[in-house]
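**Student:** My structure is below; once you've seen it, I'll send some questions.
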Amino acid sequence: MISSMTGYGSASRQVSLGAGVVADLQVECRAVNSRFLDLGFRLPDECRGAEPALREMATQSLSRGKVEFRAAWRVNAGAANSAKSNPHALGAINKDRLDALYTLQEKAQDAFPKAQELSIAEVLRWPGVVSEPRGEEDSWITAAVEAGRAALAALMESRHAEGKALVGVLTNITGKMRDIVKVIEPKVPEYVAQYQEKLTERLSEALAAQEQAKAGAELMERIRQEVVLYAVRIDVAEEFARLKTHLQAVDTALAGKGPVGKRLDFLMQELNREANTLSSKSVSEECTQAALELKLFIEQMREQVQNLE
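For what it's worth, my numbering labels the leading residue of the sequence shown as -4, then goes sequentially.
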């Protein structure tokens, strides 16, 4: 199934902190487009051990995209009563660190009398003053891996859904491009005939000038230039053939499975090249306008293709 490179998934698991207190561990998995697979992890210290397992899961499931795992935990609100009955379950005060911090504050205030005292929040955040509540290390890692697996599955589902929508958009655009080709291609012989008439008029004018100036060499050079220009301009059959071939290749890729982003990106370059050639060889205003519309549609597809895995 074709997937987008952008998506989001989240999942949570509970971890016991002891004394009837549990923490909700929330894992989020976000992805945006990238040329290669770029993995990032923002995990709390309790969950660092889960990173290798999460990395392996992501590598097996994804081939492109900038993917980031984020995890955070908080004490379950339903355990508030248990926490009140057992305050130590939420963390223990390290008295030695607290006394040392108090001594440091006194010395600092002696040196800077106008300095404000530390607030309760600042004291509690000081490293080592409070031992943060933790469950068993294995419990944290297990919960992080399970939540990460569920978040990754949700991410994959959202990527598949967006990929399906993008396939519909791209298929609609290729259909419009085919309509343009169907309208313009049959008219090319008419455009060529009109151009041939203009060329004949210019050559007639040159012949008239020859009769007056008697400059045979100049006349032949003029005819040679016009004929060369004419030959270059009328040769658009190959461009139309390649354009239709590339459109078919795009539809074939969209109907397939697995990563197609890089292949479609290459096809966008080829389509744009053919559209540019049609524009440069145009022999009528209508043909020029058609080439510009084709280039506009190709640019729209290119923007969407950048999001496909």
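Here a beta-carbon is modelled for each residue, glycine too, at the ideal position from N, C-alpha and C.
1. If you check the beta carbons only, do F261 and M172 fall under 8 angstroms apart?
2. At which residue ranges does the region 7 to 63 contain complete beta strand (DSSP E) runs of 3 or more residues, listed in the order of the chain?
3. Output yes or no for whether 8 angstroms exceeds the beta carbon distance between A144 and A26.
4. State yes or no: is the C-beta of C24 within less than 8 angstroms of the C-beta of L161?
5. Helix, strand or coil for L262? Go by DSSP, reduced to three states.
6. Identify whether G4 lies in helix, strand or coil by the three-state DSSP scheme.
7. Do you know whose CA, among K193, S29, V22, S11, lies nearest P39's CA?
8. Can you give the Cα-Cα distance for P184 and K276, rounded to whole angstroms?
9. Hey, quick one: how far does the alpha helix (DSSP H) through L249 stretch, first residue to last?
10. Using the Cα positions of V124 and I115, report the straight-line distance between them to the nearest angstrom.
11. Identify the residues that DSSP records as bridge partners of V70: which are they?
12. Do you know how far the Cα of E180 is from the Cα of E241?
**Tutor:** Inspection of the coordinates gives the following:
1. By the CB criterion at 8 angstroms, F261 and M172 fall outside the cutoff.
2. Counting only runs of at least 3 residues, the region 7 to 63 fully encloses the following beta strand (DSSP E) elements, listed from N- to C-terminal order: 16 to 27, 32 to 37.
3. Here residue 144 turns out to be Arg, not Ala, going by the sequence shown. Cβ atoms of R144 and A26: not closer than 8 angstroms.
4. no
5. helix
6. Assigned with DSSP and collapsed to three states, G4 falls in strand.
7. V22
8. 14 angstroms
9. 232 to 250
10. 11 angstroms
11. A18
12. The sequence given here has His at residue 241, not Glu. Straight-line Cα distance between these residues: approximately 16 angstroms.
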